[in-house]
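Okay, structure first, notes after.
Residue numbers (the numbering used here), protein chains in the order written: chain C, 1 to 264; chain H, 1001 to 1259; chain R, 2001 to 2250.
Written out as structure tokens, the structure is:
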């Protein structure tokens, strides 16, 4: 929905959209100038920008971003692909759905962060446990959305495939998967969003690299500029991921875009 | 007319569904033989089982009693010798019009597929819409695409389940003409289920009248007129009122009107 | 219904089955009966109760603050197009920052105290609530609003009698999602912002002492509590829905 809002924006709306960020900046800067807070609590916006540039220049930032992205990518791929296949199978087989479905729903009740200590006990505190943790975050939205999409393909299309003698593979690729695609893409988006949150969580929890690690470390040294820069970076990365997915969604779901003239 | 393949024989056909644990008879002792190349209209009020009859011929409903034979062979499932056009066009929204028409084509080379698709889009008057998506078509155009899809497989029998039911009156009359033209061109059997008496007479060589609960064939009327038919001719009106009489809707004096 | 009753039983049986074969080390997955034993002993010492009460207080305060703020904000940008244009872009931009990411900053501002924990939970409850309230308000059929204006409804009455009731299903969805989010973030907040009490503490204590049973007790407790609260909210939603349908029949 945010995109449809953004898309309809005219230049006037763009100006309106700048009001709040500008106010925040002004308030921020004046709070610093009036010395309302100590240096340890609030630094000028410009300092944060400078810190960001410095971090980028030394290569620290890039390295941390790369290791976070590596984690998020492997965790996401692992979790989302498992979720996709399980959701697909559950959507196709009511037997599997009846056996596995309630189990997965029960597992979803566990707030996934509670599993972090458990995962560390199982896999140690290194890279593997982080990837597993992220993949758990990625798994759930994917399995539910794929399942919903697959079981939601209208009966009339299934019937049509029967009339034309569609066998399993063609049935899957021409009817079921395209029909489930909108829901699957929603799953991918949620899944990637959660992966990104989970990687930050995992890195805050204990790590030797990554943007989250950079923030924890800076917090312990009372370098608030780095903490804020880190916050900015994870926001930008999250935003970029979302934009990329929207572009993919728009391309893949062309048939639907023209249908209602806007993205869901 | 030379006897081709695709003779449809229905003998003593009955079918019941289980509704709330009770059997509900929807078709009772249906008998009809349709030679290849005929156009048969089936008409009846809702609930007379005409759609069920069509679905049996299509192969979507099994477990019937009696015989439903094509060239002497029992119908046991869907097959590409039968095509269908549903009331809702059922074009897959994620495929282009061209891809939808090619939906049933299997094991053909890309080039062959292209040729067949182009040929059929042209037949139904949709050339130029090949790469459009179904959502960009009007109701009549979507139904044309659905007809092209059904014909692309070269079926011997084309089943039409109220294909024009959701179109507005003017588009509908136009599409009836188009259907006739396509039928004359393809020379295949067409079975049309409709609830529009005029449409049934305009298109059918025969009009089968069914009545409901349980669905039985009440009457089969031959339509001897030459094509294209004149809806406002006296004979046409005569038959129309005769059929309406069957539904107790007859008019005392059929009047002639022109469009 | 049957499924939901037998499922825990099946789960425990399955768990018993794989642990009793001896292939799985008890350090990886302890026997169910040992977990139950730890559970009972923690429960009888009243320590578990204390952890639960503290965690519940945290999650409820954060959740309530979050949904109150989210509702107001969603209503504001839902009712006013200008409000939407001014606030929505910033809101959507801020939403891109994973909630967990706020923790270091908030801790620096407020120290390792109760406030940052509640604040993080409130932020996480805020987003889904604001978003769903907004969507609900925007999707109120314009016919209803026209009708109300025919009867001369003034702004406040229009909001109270037409807009909010019509947006209610979406608002309830927002509440449910917010609650789920609050539970997820509760545990994260307790693990990342050190605290002497809370279920998160119980879990990380268990990890530090390699007490697998205690870790599992914590996880199961948190899952059960979350489940019970979700059920309660869903029940409430059903009651509200039923009230609506009766209202419509009258």
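The C-beta atom is built at its ideal place from N, Cα and C for all residues, glycine as well.
Pick out whichever of the options has its Cα sitting closest to the Cα of residue i.
i, options, result
"residue 1140(H)", "1196(H), 1183(H), 1091(H)", "1091(H)"
"residue 199(C)", "168(C), 51(C), 73(C), 88(C)", "73(C)"
"residue 2227(R)", "236(C), 41(C), 106(C)", "106(C)"
"residue 2060(R)", "2047(R), 2122(R), 2099(R)", "2122(R)"
"residue 2047(R)", "2203(R), 2210(R), 2025(R), 2234(R)", "2203(R)"
"residue 152(C)", "194(C), 166(C), 88(C), 203(C)", "88(C)"
"residue 2052(R)", "2160(R), 2197(R), 2170(R), 2118(R)", "2197(R)"
"residue 53(C)", "180(C), 235(C), 143(C), 230(C)", "230(C)"
"residue 1087(H)", "1234(H), 1166(H), 1098(H)", "1166(H)"
"residue 235(C)", "211(C), 224(C), 40(C)", "211(C)"
"residue 220(C)", "2099(R), 2070(R), 2023(R), 2103(R)", "2103(R)"
"residue 1157(H)", "1240(H), 1186(H), 1061(H)", "1186(H)"
"residue 1058(H)", "1180(H), 1077(H), 1171(H), 1031(H)", "1077(H)"
"residue 33(C)", "44(C), 95(C), 23(C)", "44(C)"
"residue 2028(R)", "2207(R), 2240(R), 2234(R), 2230(R)", "2207(R)"
"residue 61(C)", "232(C), 242(C), 137(C)", "232(C)"
"residue 2087(R)", "2036(R), 2105(R), 2187(R), 2134(R)", "2134(R)"
"residue 1032(H)", "1192(H), 1236(H), 1008(H), 1164(H)", "1008(H)"
"residue 122(C)", "2179(R), 2210(R), 2054(R), 2183(R)", "2210(R)"
"residue 2232(R)", "2200(R), 2105(R), 2201(R), 2179(R)", "2179(R)"
What residues in its chain sit with their C-beta under 8 Å from that of residue i, if we drop five residues either side in the sequence?
i, result
"residue 1182(H)", "1123, 1124, 1147, 1151"
"residue 2248(R)", "Confidence is the limiting factor: at residue 2248(R) the pLDDT is only 47, short of 50, which leaves the residue's position unreliable, though a coordinate-based value still follows. The answer is none, since no qualifying residue turns up."
"residue 2034(R)", "2026, 2213"
"residue 92(C)", "150, 176"
Would you call residue i buried or exposed, if buried means 16 or more other Cβ atoms sit within 10 Å of its Cβ?
i, result
"residue 1248(H)", "exposed"
"residue 2095(R)", "buried"
"residue 1154(H)", "exposed"
"residue 2141(R)", "exposed"
"residue 68(C)", "buried"
"residue 145(C)", "buried"
"residue 1024(H)", "exposed"
"residue 26(C)", "exposed"
"residue 11(C)", "exposed"
"residue 2018(R)", "exposed"
"residue 103(C)", "exposed"
"residue 112(C)", "buried"
"residue 2163(R)", "buried"
Note down, in chain order, each residue of its chain lying with its Cβ closer than 7 Å to the Cβ of residue i, except the 5 sequence neighbours on either side.
i, result
"residue 2112(R)", "2193, 2194"
"residue 1027(H)", "1013, 1014, 1015, 1049, 1052, 1053, 1214, 1215"
"residue 2002(R)", "Summary for residue 2002(R): the model assigns pLDDT 45, below 50, so the residue's position carries little reliability; its value from the coordinates is reported in the next sentence. Cβ within range, chain order: n/a, list empty."
"residue 1080(H)", "1104, 1153, 1155"
"residue 1246(H)", "1209, 1218, 1219"
"residue 2125(R)", "2062, 2063, 2066, 2067, 2070, 2178, 2181, 2182"
Counting only the same chain and skipping the five closest in sequence on each side, list residues whose C-beta sits under 6 Å from that of residue i.
i, result
"residue 1259(H)", "Any reading at residue 1259(H) is ruled out, since the residue's pLDDT is 44, under 50, leaving its predicted position unreliable."
"residue 1(C)", "Only weak support exists for where residue 1(C) lies, its pLDDT of 43 falling under 50; the value from the coordinates is given anyway. If we look at residue 1(C) and ignore the five residues flanking it on each side, it has no Cβ neighbours."
"residue 218(C)", "226, 227"
"residue 1132(H)", "1097"
"residue 207(C)", "213"
"residue 1102(H)", "1113, 1117"
"residue 2073(R)", "2130"
"residue 1127(H)", "1121"
"residue 2076(R)", "2083"
Under 8 Å: does the beta carbon of residue i sit that close to some heavy atom of the ligand MG?
i, result
"residue 1196(H)", "The ligand MG is absent from the structure shown, which contains no ligand whatsoever."
Complete runs of the alpha helix (DSSP H) confined to the segment 138-181 of chain C [at least 4 residues]: Within the segment 138-181 of chain C, the alpha helix (DSSP H) runs of at least 4 residues that lie entirely inside it are, in chain order, 155-163.
What residue ranges within the segment 1081-1121 of chain H form continuous alpha helix (DSSP H) runs of no fewer than 4 residues, ordered along the chain? With a minimum length of 4 residues, the unbroken runs of alpha helix (DSSP H) contained wholly in the segment 1081-1121 of chain H fall at 1097-1101.
Could you say if the segment 1037-1052 of chain H and the segment 1201-1211 of chain H meet the contact criterion of at least three C-beta pairs nearer than 8 Å? As far as the Cβ criterion goes, the segment 1037-1052 of chain H touches the segment 1201-1211 of chain H, which means the pair count is three or higher.
Stretch pair the segment 1162-1180 of chain H + the segment 246-254 of chain C: three plus CB contacts closer than 8 Å: Short answer: they don't touch.
At a Cβ cut of 9 Å, what residues of the segment 2092-2105 of chain R count as close to chain B, listed as they run along the chain? The structure shown contains no chain B; the protein chains it does contain are C, H and R.
Specify whether the segment 1070-1087 of chain H and the segment 1224-1241 of chain H touch according to this definition: at least 3 beta carbon pairs, one from each stretch, less than 8 Å apart. By the criterion of at least three beta-carbon pairs nearer than 8 Å, the segment 1070-1087 of chain H is not in contact with the segment 1224-1241 of chain H.
What are the start and end residues of each continuous beta strand (DSSP E) run of 3 or more residues lying completely inside the segment 2065-2101 of chain R, in chain order? The segment 2065-2101 of chain R contains no whole beta strand (DSSP E) run of 3 or more residues.
So, do the segment 66-83 of chain C and the segment 175-192 of chain C have three or more beta carbon pairs nearer to each other than 8 Å? By the C-beta criterion, the segment 66-83 of chain C is judged to be in contact with the segment 175-192 of chain C, since at least 3 inter-stretch pairs fall below 8 Å.
Report yes or no: do three or more beta-carbon pairs, one from the segment 2164-2181 of chain R and one from the segment 2126-2134 of chain R, lie closer than 8 Å? Two segments are said to touch when three or more pairs of C-beta atoms, one from each, lie closer than 8 Å; by this definition the segment 2164-2181 of chain R touches the segment 2126-2134 of chain R.
Do three or more CB pairs link the segment 2210-2223 of chain R to the segment 2152-2166 of chain R at distances below 8 Å? Result no; under three Cβ-Cβ pairs closer than 8 Å.
Please determine if the segment 118-129 of chain C and the segment 2207-2217 of chain R are in contact, where contact requires at least 3 C-beta pairs separated by less than 8 Å. Contact holds: three or more Cβ-Cβ distances are below 8 Å.
Please determine if the segment 236-244 of chain C and the segment 2079-2096 of chain R are in contact, where contact requires at least 3 C-beta pairs separated by less than 8 Å. Between the segment 236-244 of chain C and the segment 2079-2096 of chain R, the count of C-beta pairs closer than 8 Å reaches three or more; the two stretches touch.
Extract the residue ranges of the beta strand (DSSP E) inside the segment 70-132 of chain C, only unbroken runs of 3 or more that lie entirely within it. Taking 3 residues as the shortest admissible run, the segment 70-132 of chain C contains no complete beta strand (DSSP E) segment at all.
Scan the segment 191-256 of chain C and note each continuous alpha helix (DSSP H) run of 4 residues or more that stays entirely inside, going in chain order. Correct list: 211-220, 224-252.
Contiguous alpha helix (DSSP H) assignments of at least 4 residues, all confined to the segment 2174-2215 of chain R: Unbroken alpha helix (DSSP H) stretches of 4 residues or longer found wholly inside the segment 2174-2215 of chain R: 2199-2208, given in chain order.
Alpha helix (DSSP H) runs contained entirely in the segment 1197-1235 of chain H, provided each spans 4 or more residues: Here the runs fully enclosed are 1197-1203.
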